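Asker:
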Amino acid sequence: MDSQTRKENISTSTMIEQLCPNPRCFFCILKKPKSPIRRVGIERCFEEMQLTDNEDHVLVLSALWNIAMTHPNDPEFPSLGIFKCMAGLISRGISDRAWLLAGQNIYIPYYAAHIIGSYTMNKVEFAEKAVQSGVITPLIELMSGRMTWVEQRVAVRALGHLASYDKTFEAVAKHEEEITNMAISLASTCLDSVFNMFVGVKGKNTRLNYHSDLLTRGIGGVELQNRKAEEWASQIQCWSIHLLNCFAIKERSIDIICKQDFLEKLCEMWGGLVNYTSPAGVGLIRVLCYTKTGRTRVAESEKVIKSLCNLSRSSDDWQYMGVDCLLSLLKDPETRHMVIEIAIFFLIDLVELGTIRERSNVGETITRTLLRGFKENKSKIKIDLVQKALQEIWVLKVDKRMKEKFMSSEKTEETKVMVSLIKQQGNHSFELGNIEEAAMKYTEGLKICPLKFRKERTVLYSNRAQCHLLLGDSDSAISDTTRALCLSNPPNSHPKSLWRRSQAYDIKGMALESLMDCLMFVNTCYTKPTKDVKIPYYAMRMISKQMDATCLFAASRAKLMNKFVPRTQESGDNIDCIHDDGVKGKMIENKAFMSSLSTILEEPFVINGGSTSRRKLERDRRRNKSALPF
Numbered sequence: 001m002d003s004q005t006r007k008e009n010i011s012t013s014t015m016i017e018q019l020c021p022n023p024r025c026f027f028c029i030l031k032k033p034k035s036p037i038r039r040v041g042i043e044r045c046f047e048e049m050q051l052t053d054n055e056d057h058v059l060v061l062s063a064l065w066n067i068a069m070t071h072p073n074d075p076e077f078p079s080l081g082i083f084k085c086m087a088g089l090i091s092r093g094i095s096d097r098a099w100l101l102a103g104q105n106i107y108i109p110y111y112a113a114h115i116i117g118s119y120t121m122n123k124v125e126f127a128e129k130a131v132q133s134g135v136i137t138p139l140i141e142l143m144s145g146r147m148t149w150v151e152q153r154v155a156v157r158a159l160g161h162l163a164s165y166d167k168t169f170e171a172v173a174k175h176e177e178e179i180t181n182m183a184i185s186l187a188s189t190c191l192d193s194v195f196n197m198f199v200g201v202k203g204k205n206t207r208l209n210y211h212s213d214l215l216t217r218g219i220g221g222v223e224l225q226n227r228k229a230e231e232w233a234s235q236i237q238c239w240s241i242h243l244l245n246c247f248a249i250k251e252r253s254i255d256i257i258c259k260q261d262f263l264e265k266l267c268e269m270w271g272g273l274v275n276y277t278s279p280a281g282v283g284l285i286r287v288l289c290y291t292k293t294g295r296t297r298v299a300e301s302e303k304v305i306k307s308l309c310n311l312s313r314s315s316d317d318w319q320y321m322g323v324d325c326l327l328s329l330l331k332d333p334e335t336r337h338m339v340i341e342i343a344i345f346f347l348i349d350l351v352e353l354g355t356i357r358e359r360s361n362v363g364e365t366i367t368r369t370l371l372r373g374f375k376e377n378k379s380k381i382k383i384d385l386v387q388k389a390l391q392e393i394w395v396l397k398v399d400k401r402m403k404e405k406f407m408s409s410e411k412t413e414e415t416k417v418m419v420s421l422i423k424q425q426g427n428h429s430f431e432l433g434n435i436e437e438a439a440m441k442y443t444e445g446l447k448i449c450p451l452k453f454r455k456e457r458t459v460l461y462s463n464r465a466q467c468h469l470l471l472g473d474s475d476s477a478i479s480d481t482t483r484a485l486c487l488s489n490p491p492n493s494h495p496k497s498l499w500r501r502s503q504a505y506d507i508k509g510m511a512l513e514s515l516m517d518c519l520m521f522v523n524t525c526y527t528k529p530t531k532d533v534k535i536p537y538y539a540m541r542m543i544s545k546q547m548d549a550t551c552l553f554a555a556s557r558a559k560l561m562n563k564f565v566p567r568t569q570e571s572g573d574n575i576d577c578i579h580d581d582g583v584k585g586k587m588i589e590n591k592a593f594m595s596s597l598s599t600i601l602e603e604p605f606v607i608n609g610g611s612t613s614r615r616k617l618e619r620d621r622r623r624n625k626s627a628l629p630f
């Protein structure tokens, strides 16, 4: 580059800077190379921003939000006073309503809290600076609902990050009771709030415009807004539970968290398909089970125990958490007798479970826990039923194993052939419509089939489960399919057992469990993608049905549809309108299929970004094939 060209470029750059009407323009300062002058300029902007009125503040906050989300570990802005500036802007937005409603200032508290949360999610030193800058009090104000659910979302997120570090936890814990109660309330009510104040509002024009703009950056229509609102509602719930988890893991506020009504609500907070990185309610229950008080309170609730039992006997990703909770309760002498009469009839189906989530020999651990001193327990309620179940486990896992240990290889092969013949007899009876006789044959085969023939026993259990389905015994069908799935390799990978258990759960009205099994059936049954792959119609119909029943806003929609008079909520600064309109719940995509939604590990919003191809599914050659025995 010659000297004349360099002079022209310098002249052009100088002219651009001269065109900017604001000599202290934040964007102009950012264009400067890193230097002491740039640092002084940025620091001065942060000091003045919270004290001056400028319609460009929203643009600056939006730019800072993008920078914080894409470079959360960059120390430049945290070292120059960004946290004090954001705290001041939030406080002003809460206290000065005239300023908040002027221009586009309504966006500022949201962006400010989001920036705090983004910079504090990875680095403890940034969290310490934020606490020293006084961010906790304004964040608590936002979380309390002084504005709307949109600001509550980013406030609880930021407070959750601050509570995650040992060095900043105590600063948050100074407001322990207030924060804990708010987090409980927020986790319990956020789905209804988001539905009533946004998703269920009739018509796009009656929604708050700034909510719509924040959800989709002003680009998406109603469908995309609803989709993002569903994701954000789930995040509010998950982050509220995370905040409670920060206290529970340090054995703080256990008595407040362990109120029976909230524990029962936790069982329904499944996180799951939207924020599939968060274990949500069961994750917090698991932490509570690590404490003496927590175990006692959990054991006192029959509903919670049954929910944990259902989870442990499902194909949900958090199955192992349900098992962990039950084992913790059974290992504690003070809670064992309170839960064993319920838990044993679920856990008995899991005694042959292999490895789940890097936990090996799970079935052996369950067996040892259940059989601990079972012969001495002679005075408990329903002890005959419990004793019978324990005896069944003993025969299967101890007596039969010992007998087979001394069985010759010739005798083993002879038994295998016998089992095959009995299974064929059962299949023949099934084809003739003699369902009860077929079930008896499968039972006969299971009694003599050696434990090491896991594949054969899987088939026998699954076929007997189909008989139970046809005979209307859904409980027995669930038990047998669960045993078959425990024997499959890897666990929960036997397609026909998944489909049959999904049907059994559907009969019992257990929509979430049915959905999980059906999704797993689709994913495990068809592993070789081809151009002609299609999801079987009967599976797609089941998925559609259960998604409608389990969508995040299903309960909120049902409540709203039962009300006939439109109502408007007028409380504090909340200016959302609630219209009595039942909006059909959008189907949530399978976690294996979805990728366009951000998870709880939040990232900037990108239109049409981040999506992956759907897992292709092999065509089912016979529509009713999965309903027949092997």
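For the sequence shown, the UniProt record's numbering assigns the number 630 to the last residue and increments by one with no breaks.
A virtual CB, placed ideally from N, CA and C, is assigned to each residue, including glycine.
Keep in mind it's a predicted model, so treat the numbers as computed, not measured.
Have a look at R464 and I435 and give me their C-alpha separation to the nearest angstrom.
Answerer: In a straight line, the C-alpha of R464 is about 9 Å away from that of I435.
Asker: Against chain D, does E128 count as a neighbour if the rule is that its beta carbon must be under 8 Å from one of theirs?
Answerer: In summary, chain D is missing from the structure at hand, where a single protein chain is found.
Asker: If we require 4 or more residues per run, which alpha helix (DSSP H) segments fall completely within the segment 125 to 164?
Answerer: Those alpha helix (DSSP H) runs which fall completely within the segment 125 to 164 and span 4+ residues are 136 to 143, 149 to 164.
Asker: For a quick check, are the C-beta atoms of T291 and E264 less than 8 Å apart?
Answerer: No.
Asker: On the DSSP bridge list, what partners appear for residue 651?
Answerer: For the chain, the structure presents residues 1 to 630; residue 651 sits outside this window and is missing.
Asker: Would you give the residue range spanned by the alpha helix (DSSP H) that N434 belongs to?
Answerer: Where N434 is concerned, there is no enclosing alpha helix (DSSP H), given that its DSSP letter is neither H nor E.
Asker: My guess is that G160 and H211 are in contact by the Cβ rule of under 8 Å, so how many angstroms apart are they, rounded?
Answerer: At roughly 22 Å, the Cβ-Cβ gap does not stay under 8 Å, so G160 and H211 are not in contact.
Asker: Does the segment 545 to 552 come within contact of the segment 501 to 516, defined as at least 3 CB pairs closer than 8 Å?
Answerer: Segments in contact, yes.
Asker: For V298, which three-state DSSP category applies?
Answerer: In this structure, V298 counts as helix in the three-state DSSP scheme.
Asker: Taking the beta carbon of D349 as the centre, do at least 16 other beta carbons fall within 10 Å, making it buried, or is it exposed?
Answerer: Flag for D349 reads buried.
Asker: Are M49 and L89 close, meaning C-beta to C-beta below 8 Å?
Answerer: Yes; because the gap between Cβ atoms is below 8 Å, this pair is in contact.
Asker: Could you tell me the alpha carbon to alpha carbon distance between R295 and L284, rounded to whole angstroms?
Answerer: Rounded to the nearest angstrom, the two C-alpha atoms are 12 Å apart.
Asker: Given T293, which residues of its chain have a CB within under 6 Å of its CB, disregarding the five upstream and five downstream residues?
Answerer: Taken in chain order, the residues that qualify are I254.
Asker: Since E151 and A113 should fall inside the 8 Å C-beta cutoff, what is the C-beta to C-beta distance between them, to a whole number of angstroms?
Answerer: Confirmed, Cβ separation roughly 6 Å.
Asker: Am I right that K445 and K423 are in contact with their C-beta atoms under 8 Å? What's the rounded C-beta distance?
Answerer: Reading the sequence as shown, one finds Gly at residue 445 and not Lys. About 5 Å; that satisfies the 8 Å criterion.
Asker: Determine the burial state of Q319: buried for a count of at least 16 other Cβ atoms within 10 Å of its Cβ, exposed for fewer.
Answerer: Looking at its Cβ environment, which holds 16 or more other Cβ atoms inside 10 Å, Q319 is buried.
Asker: In angstroms with no decimal places, state the Cα-to-Cα distance between F198 and G93.
Answerer: Going by the C-alpha atoms only, they are around 22 Å apart.
Asker: Between the C-alpha atoms of N226 and L215, what's the straight-line distance to the nearest angstrom?
Answerer: Their backbone Cα atoms lie some 9 Å apart in a straight line.
Asker: Would the beta-carbon of S240 fall within 8 Å of that of A171?
Answerer: Their beta carbons are not under 8 Å apart, which means S240 does not touch A171 by this criterion.
Asker: Hey, I82 and I115 are a contact pair by Cβ (cut 8 Å); roughly how many whole angstroms apart?
Answerer: With 8 Å as the limit, I82 and I115 qualify as a contact, their Cβ atoms being about 7 Å apart.
Asker: My output table needs one value for R207: the three-state DSSP class, helix, strand or coil.
Answerer: In this structure, R207 counts as coil in the three-state DSSP scheme.
Asker: Does Q503 pass the burial test, meaning 16 or more other C-beta atoms within 10 Å, or should it be called exposed?
Answerer: It counts as buried.
Asker: Are the CB atoms of S133 and K84 within a distance shorter than 8 Å?
Answerer: Yes, they are a contact pair.
Asker: Please classify Q235 as buried or exposed, where buried requires at least 16 other C-beta atoms within 10 Å of its C-beta.
Answerer: Counting Cβ neighbours within 10 Å, Q235 comes out buried, since at least 16 surround it.
Asker: Can you give me the start and stop residues for the alpha helix (DSSP H) that A102 sits inside?
Answerer: First-last for A102: undefined, no H or E at that position.
Asker: How close, in whole Å, do the beta carbons of P78 and Y119 come, if the pair is a contact with beta carbons under 8 Å?
Answerer: That belief holds up - the Cβ atoms of P78 and Y119 are roughly 6 Å apart, short of 8 Å.
Asker: Can you list, in chain order, the residues of its chain whose CB lies under 6 Å from that of S488, leaving out five sequence neighbours each side?
Answerer: Closer than 6 Å at Cβ, skipping near neighbours: T458, H494.
Asker: Compare the Cα-Cα distances from L519 to each of I507, G509, K508, S544 and report the closest residue.
Answerer: Looking at the Cα atoms, S544 is the closest of the given residues.
Asker: Relative to the C-alpha of A555, which residue among D475, S188, M321 is closest?
Answerer: It is S188 whose Cα lies nearest to the Cα of A555.
Asker: If you run the structure through DSSP and keep just helix, strand and coil, what is W239?
Answerer: In the structure shown, W239 sits in a helix (DSSP, three-state: H, G or I).
Asker: Are the CB atoms of K303 and C267 nearer to each other than 8 Å?
Answerer: Contact: yes.
Asker: Measure the CB-CB distance between S315 and G322 and report whether it falls below 8 Å.
Answerer: No. Outside cutoff.
Asker: Say yes only if the C-beta of Y165 is nearer than 7 Å to one or more non-hydrogen atoms of the ligand MN, and no if none qualify.
Answerer: Of the ligands one can find in the structure shown there are none, so the ligand MN has no counterpart to examine.
Asker: Does the distance from the C-beta atom of A155 to that of L139 stay below 8 Å?
Answerer: Against a cut-off of 8 Å, the Cβ pair of L139 and A155 comes out as a contact.
Asker: Of all the options H428, N492, F430, R401, which has the alpha carbon lying nearest to the alpha carbon of I448?
Answerer: Here the closest residue by C-alpha is R401.
Asker: Quick check on W394: does DSSP put it in helix, strand or coil?
Answerer: Looking at W394 - three-state DSSP - the assignment turns out to be helix.
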